[in-house]
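What follows is a single structure, written as structure tokens, with notes after it.
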Amino acid sequence: MNRLLRSLGPVMTTVIVLLSGVWVVGMIIAPQLIMVEQSFWTKDRSGDAVVISVRIDRLYNEIDVLRFDKTDAEALAPSPRRDAKIAGIEAIIADKQVAIADLEARETTPEKVYSLRNYTIMGQAHLAVFVKTILASVAVTLIAFVVCYPMAYAVAKLATPGKAAIIMLGLIIPYAINELLRVFAWLMILNHNGVANYLLGLIGVGPVPFLESGAGVFVAMVYAYILFMVFPIYNTIETLDTAQIEAARDLGAPTWQIHRRVVMPHAKPGIAVGCIMTFMLSAGSYAVPYIMTRGTAEPWFTQLIYNKFFESSNWNTGSAYAFTLLVACIVFVFLVMRMFNVNIKDIAK
Amino acid sequence: MTAVSQTAVGQGSRLVFNVYMVIFFAYMFLPLILMVAAGFNDFSTPSVTVWRGFTLKWFAVLAQDSRMWSGLVNSLIIAVAVIAVSLPLGLAGAFLMTRLESRYRGLLYGVMVSPLLTPGIILGISTLIFWRETGVSGGLFTASVAQATYISSYAMLMFMARLERQDITLEEAAMDLGASHIQVFRRITVPFLKPTILTASVIAFLQSFENYNTTIFSIGASHTLVTEIGSRMRFGLTPAVNVIGIIFVAVTILCATTYVIFREREKARAVAVRG
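The listed protein sequences correspond, in order, to chains A and B.
Going by this note's numbering, the first residue of the first sequence is number 60, and it counts up by one from there.
Going by this note's numbering, the first residue of the second sequence is number 1076, and it counts up by one from there.
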């Protein structure tokens, strides 16, 4: 606090703390907590409601019987015993009416029931989609790394400055073009009557159902997110002193050893960031499967989440699905940080 | 540098490298070229395999598309709101991170950058749920808030990078000479941050304008240009979508070229200064 207060004064320090608080608590932490909380309860309408209405009906019947008893009692000759009996019956009726009112209130506003049901109803089919999404995202990440590492190294260390600038431009342009349009370009290629099937048709191969088989989603996803691997790796390799590479070469290290022992250790934070970004974007992508499957192939996990929220409007189950995805991403982030031995400070740069 | 790369790479690997470059850039650009070409094709669905001649009519079709125009207006409204929210939040966060001396700083930093590592759809959903609790349903407001959650993180990182290079003695000298905190902030800190304010605004605008995943989960029944493009790609595909692609590609090439030229100049200047 000290340095902050000294350099900015009490007024601005207060403003800064307030703004940060709004952001950290009001925009980051609270929404996540509410989502998680919501994923752990269900509003039990279906099962409980039946039980409650049966109980209400039974109470009404009992009251009717009591009223008969009361009229019977009123027909007796006036006596203190008769009055006591009537008063007793009235008291019981009043009790039952209170109970009915209570049950009816519960019937209209169903109670929150905390349970793991939102998670356990995921079932085999949805679990399979989740596993497929995670595995496919890992595959996208690996492919992106294999393709992008040489490119990042080439731009940072091999190309002449002029050439590097042109290659850089060639990377930035596709990177900056909207994700949807890049996916759409592949839709045109892999469509039933797209470019790929046209070319295959020329050599006599019948139309291949790229989109329906789910291959289209994967191909477009690699294309859409591959460049998120290039720039972080490039940024770290660029800071590597070229003399180190030369020294290794002069000492007789073969190329793969130079990369394994000199370049990659230096580029670790960049590789970690690239992997995290590529994985997170793939696993959390809604755009790519939305456009590439057109409802014909097996869905991506994000589409299940969307359907829970906006089609079957089951927000509690949707929250559970969303939280499952979030946990998968957090686990991935920590795994990568462990694997590359980097911390969050190195990552966000 | 040139000499190094000549000696460091043999003839064989140079060939491999060149082939790799050609394949990589063909992979990157051919799909985009096909998409652009289909925008000029006089055929009712986006295609390059069935060529019916060159036309500009899809530009006219797009110009009359009212939903696209309203989407554009919504996108601009959200982008302006996001800039107005995420720059102050990011700057506040950056001040805390560079000037707060506390052992919770690391944890706080982790929370502040966490939106960048969270899938966009989850930011969208959690914002929607949070605001529904207070009675606000999905729309431009929730979309702006959801986007600002992570765009503030970008702004914070940019401001942090700048503040870390700040010469703090300047502020201290001004204070010794009797300037108030507000004066120091206005006359020294803000001018120092100005270039970053500009770049952060541009980045925030682009991030917001281009966003799909966070927006589609938080915008409710409303739409932006990009979410509208998304639904057109799935339902009622016409070459008007390709025309949007052409416009995006043209604007992107223009901006990227400007950026790279600017960057190269900065680099050259830095080298010149270092001697």
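C-beta: ideal position from N, C-alpha, C; glycine also.
Taking C-beta atoms as the reference points, residue 1287 (chain B) and residue 370 (chain A) fail to come closer than 8 angstroms. Only buried fits residue 1256 (chain B), as 16 or more other CB atoms lie within 10 angstroms of its CB. In the three-state DSSP reduction, residue 374 (chain A) falls in the helix class (H, G or I). Look at residue 213 (chain A): its C-beta is under 8 angstroms from a C-beta on chain B. According to DSSP, residue 171 (chain A) shares a beta bridge with A:102. Take the alpha-carbon of residue 208 (chain A) and the one of residue 292 (chain A): they are about 7 angstroms apart. For the pair residue 265 (chain A) and residue 294 (chain A), the CB atoms are not nearer than the 8 angstroms cut-off. From the beta-carbon of residue 71 (chain A), the residues of chain B found nearer than 8 angstroms are 1256, 1257 and 1260. Under DSSP, residue 1116 (chain B) shares a beta bridge with B:1129. Nearest to residue 380 (chain A) by C-alpha distance, out of A:72, A:143, A:165 and A:179, is A:179. Per DSSP, residue 216 (chain A) lies in no alpha helix (DSSP H) and is assigned neither H nor E. Contact with chain A is absent for residue 1114 (chain B), since none of that chain's Cβ atoms lies less than 8 angstroms from the residue's Cβ. Runs of the alpha helix (DSSP H) spanning 4 or more residues and lying entirely within the region 299 to 386 of chain A occur at 301 to 309, 314 to 317, 323 to 342, 346 to 352 and 360 to 369, in chain order. The beta carbon of residue 97 (chain A) is closer than 7 angstroms to those of 374, 375 and 378 in its chain, skipping five residues each way along the sequence.
In this structure, residue 245 (chain A) sits near residue 282 (chain A), with a CB-CB distance shorter than 8 angstroms.
Boundaries of the alpha helix (DSSP H) harbouring residue 1258 (chain B): 1256 to 1259, taken from the DSSP string. Annotation: Cβ neighbours of residue 252 (chain A) in chain B (cutoff 9 angstroms, chain order): 1120, 1122, 1124 and 1125. A direct Cα-to-Cα measurement between residue 254 (chain A) and residue 247 (chain A) gives close to 7 angstroms. DSSP places residue 1303 (chain B) in the uninterrupted alpha helix (DSSP H) bounded by 1300 to 1309. Contact of residue 173 (chain A) with chain B is not assigned, every C-beta pair being separated by 8 angstroms or more. Interface with chain A (8 angstroms Cβ-Cβ cutoff): residue 1093 (chain B) is excluded.
In the structure shown, residue 119 (chain A) falls within a helical segment according to DSSP collapsed to helix, strand and coil.
At least 8 angstroms separates the CB of residue 1149 (chain B) from every CB of chain A. With 16 or more other Cβ atoms from the protein chains shown falling within 10 Å of its own Cβ, residue 1111 (chain B) counts as buried. The criterion of a C-beta distance shorter than 8 angstroms is not satisfied by residue 252 (chain A) and residue 267 (chain A). Residue environment analysis places residue 1285 (chain B) among the buried positions, since at least 16 neighbouring C-beta atoms fall within 10 angstroms of its C-beta. Contact note: residue 392 (chain A) reaches chain B through 1192, using a C-beta cutoff of 8 angstroms and chain order.
Flagged as an interface residue toward chain A: residue 1227 (chain B), by a C-beta distance shorter than 8 angstroms. With a threshold of 8 angstroms between beta carbons, residue 371 (chain A) makes no contact with chain B. Using a Cβ-Cβ cut-off of 8 angstroms, residue 1287 (chain B) counts as an interface residue toward chain A, since at least one Cβ of chain A sits closer than that to its own. In the structure shown, the three-state DSSP call for residue 186 (chain A) is helix. Closer than 8 angstroms to the CB of residue 61 (chain A) there is at least one CB belonging to chain B.
Taking the beta carbon of residue 1106 (chain B) as reference, the chain A residues within 8 angstroms of it are 241, 244, 245, 247, 248 and 282, listed in sequence order. Within 7 angstroms of the CB of residue 1331 (chain B), the CB atoms of chain A belong to 228, 231, 232 and 235, in sequence order along the chain.
Residue 1276 (chain B) has a beta carbon lying at 8 angstroms or more from every beta carbon in chain A.
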